[in-house]
DNA sequence: CGTGCTCCATACGGTATCGTATGGAAAGGA
DNA sequence: TCCTTTCCATACGATACCGTATGGAGCACG
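Chains as they are written, first to last, in the working numbering: chain A, 1 to 212; chain B, 213 to 424.
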């Protein structure tokens with residue numbers, strides 16, 4: 001929460017802003033207000049400067065959006081690689097960890113940013129491309145963990161897709177239950193997604209205990 | 213696609229608008245532009261009238277939003293009951309049907325409206341309440357189908373949650389694959405969600421063949 | 001014909017925002 | 001000291017929107 005310019009600090013000793021300060025503030029803003037709420041003058045008020053500063057660092061609004069998107073893209077790619085780097089033999093554990101850190105209850109702000117950007121992607125093809133790239137990388141990372149558990153390529157792909165879709169879908173839901181009850185529910189579902197699944201047209205057993 | 217006022221029709225023989233015409237147009241608009249794009253004068257242009265008409269039918273912008281939300285709520289509740297009314301013995305089939313009709317590939321516009329409203333719910337508690345109600349009803353409907361298949365209450369709840377979260381999560385994703393490949397993937401996942409799942413800490417068999 | 005009701009057009013004041021133009025303060029080098 | 005560069009403030013025109021005020025066309029009805 002270290003804002004670059006403290007309101008209590010006299011203007012004489014303000015830190016000069018740079019592009020990244022604007023981008024950080026923009027990320028904060030879309031988390032609460034959505035992409036439509038990303039206004040230059042609103043941002044400027046938050047940073048305790050005027051538009052003049054913005055138009056020195058950026059060409060226009062679109063330019064900030066592009067920088068914001070690129071910043072998000074890089075951060076997400078770095079993060080998913082970090083979160084899925086598993087020690088050999090602990091892949092199942094790592095999968096459950098991924099579900100946990102990406103779930104809304106532990107990462108509310110991150111989810112809000114995700115939702116804002118994905119809503120943005122619904123009506124901007126350039127954004128949709130970036131989102132598609134991030135999705136592909138995340139899916140590949142999750143898939144690799146399932147592959148390490150001994151699943152076939154097709155199974156691993158499907159399992160990773162289910163995991164990924166579930167996590168985001170759950171964050172979209174507005175559940176009315178006791179927090180404790182929700183946690184039990186989520187633990188159970190996470191067990192299904194990461195654990196053994198019986199093929200529907202097939203004998204049980206062969207593909208079962210692959211994860212321990 | 214039956215717009216109330218055809219642009220080619222002379223103004224002398226226009227059909228008078230009513231609230232529902234405005235609400236329908238509003239739904240169309242948020243599907244493409246999001247909640248932030250729901251502007252009175254934009255709507256008026258689409259309906260070939262001016263603001264004067266709007267403010268005769270509605271008190272203000274908020275009033276339209278509330279009517280819109282109520283319209284969405286009623287429609288969704290009616291629809292989920294319709295989609296989950298299964299003949300005895302065909303519950304599993306009905307569950308796969310539900311996944312199909314709510315998936316983005318067959319219901320693009322509906323998904324866009326859902327996303328727009330859920331994004332809206334992130335920053336409006338009244339909207340969040342309505343969304344929570346719709347979610348609860350949909351979950352209950354899906355849960356009932358699982359219960360009819362012989363699952364325990366807790367299992368049915370978890371399975372319904374997984375189904376529901378998956379469907380919406382998948383609609384948020386931007387997948388870069390061949391359509392045919394995606395369909396195979398989705399069929400496989402739908403089979404897992406609606407079909408047998410092995411409990412991770414339990415013998416296989418007892419809860420297995422419940423659906424066929 | 002006159003009256004009232006329904007539905008919409010027009011005009012207005014007010015706010016928020018975009019992007020531009022331009023001036024100015026601070027700091028560092030020549 | 002003077003000049004340049006960096007960073008920001010201020011002022012401006014233009015647009016889009018909100019909500020209100022008010023007039024007016026058309027139709028029903030006595």
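The C-beta atom is built at its ideal place from N, Cα and C for all residues, glycine as well. Since this is a predicted model, take the numbers as computed values, not measurements.
Can you pull the chain A residues whose beta carbon is under 7 Å from the beta carbon of residue i, in chain order?
i	result
residue 401 of chain B	158, 161 and 162
residue 324 of chain B	122
residue 397 of chain B	157, 158 and 161
residue 241 of chain B	The contacting residues do not exist; residue 241 of chain B stays about 12 Å from chain A at best.
Pick helix, strand or coil for residue i, following the three-state DSSP scheme.
i	result
residue 175 of chain A	coil
residue 48 of chain A	coil
residue 406 of chain B	helix
residue 204 of chain A	Because residue 204 of chain A carries a pLDDT of 35, less than 50, the predicted location of this residue cannot be relied on, and the following value inherits that uncertainty. Coil at residue 204 of chain A, not helix or strand.
residue 380 of chain B	helix
residue 287 of chain B	helix
residue 397 of chain B	helix
residue 217 of chain A	Shown here, chain A extends from 1 to 212; a query on residue 217 of chain A therefore has no answer.
residue 212 of chain A	Any reading at residue 212 of chain A must be qualified, since the residue scores a pLDDT of 27, below 50, and its modelled position is unreliable; no value is offered.
residue 266 of chain B	helix
residue 64 of chain A	helix
residue 369 of chain B	helix
residue 250 of chain B	coil
residue 364 of chain B	coil
residue 411 of chain B	Note on residue 411 of chain B: pLDDT 42, under 50, position unreliable in the model; no value is reported.
Going along chain B, which residues have a C-beta under 7 Å from residue i?
i	result
residue 176 of chain A	344 and 348
residue 167 of chain A	381
residue 119 of chain A	246, 327 and 331
residue 43 of chain A	None at all; the shortest Cβ gap to chain B is about 16 Å.
residue 128 of chain A	386
residue 22 of chain A	Going along chain B, no residue has its Cβ under 7 Å from residue 22 of chain A, so there is no contact; the nearest lies around 21 Å.
Going along chain B, which residues have a C-beta under 9 Å from residue i?
i	result
residue 87 of chain A	What residue 87 of chain A touches in chain B: nothing, since even the nearest Cβ is about 21 Å away.
Determine the chain A residues that contact residue i at a beta-carbon separation under 8 Å, and present them in chain order.
i	result
residue 335 of chain B	32, 33 and 34
residue 316 of chain B	By Cβ distance, chain A contributes nothing, its closest Cβ being about 11 Å from residue 316 of chain B, past 8 Å.
Would you say the beta carbon of residue i is closer than 6 Å to some non-hydrogen atom of the ligand NAP?
i	result
residue 170 of chain A	Absent from the structure shown: the ligand NAP. Ligands present: none.
At least 3 beta-carbon pairs within less than 8 Å: the segment 153-173 of chain A vs the segment 98-105 of chain A: Yes: the two stretches touch, three or more of their Cβ pairs being nearer than 8 Å.
Three or more C-beta pairs below 8 Å linking the segment 85-99 of chain A and the segment 188-195 of chain A: Between the segment 85-99 of chain A and the segment 188-195 of chain A, the count of C-beta pairs closer than 8 Å reaches three or more; the two stretches touch.
In chain order, each alpha helix (DSSP H) run of at least 4 residues that lies wholly inside the segment 81-150 of chain A: The segment 81-150 of chain A contains, as complete alpha helix (DSSP H) runs of 4+ residues, the segments 91-101, 108-121 and 125-148 (chain order).
Cβ contact check for the segment 117-125 of chain A and the segment 30-46 of chain A: 3 or more pairs under 8 Å: The segment 117-125 of chain A, when compared against the segment 30-46 of chain A, does touch it at the 8 Å Cβ threshold.
Cβ pair count under 8 Å reaching 3, the segment 142-159 of chain A against the segment 78-94 of chain A: The segment 142-159 of chain A vs the segment 78-94 of chain A: in contact.
The segment 382-391 of chain B in contact with the segment 135-144 of chain A per 3-pair CB rule at 8 Å: In short, these stretches touch, since the Cβ pair count reaches three.
Residues in the segment 263-286 of chain B having any Cβ partner in chain A nearer than 7 Å: Answer in chain order: no residues at all.
Stretch-stretch touch, CB-based, cutoff 8 Å, three pairs: the segment 227-235 of chain B with the segment 265-272 of chain B: The count of Cβ pairs closer than 8 Å, one atom from the segment 227-235 of chain B and one from the segment 265-272 of chain B, reaches three, so the stretches are in contact.
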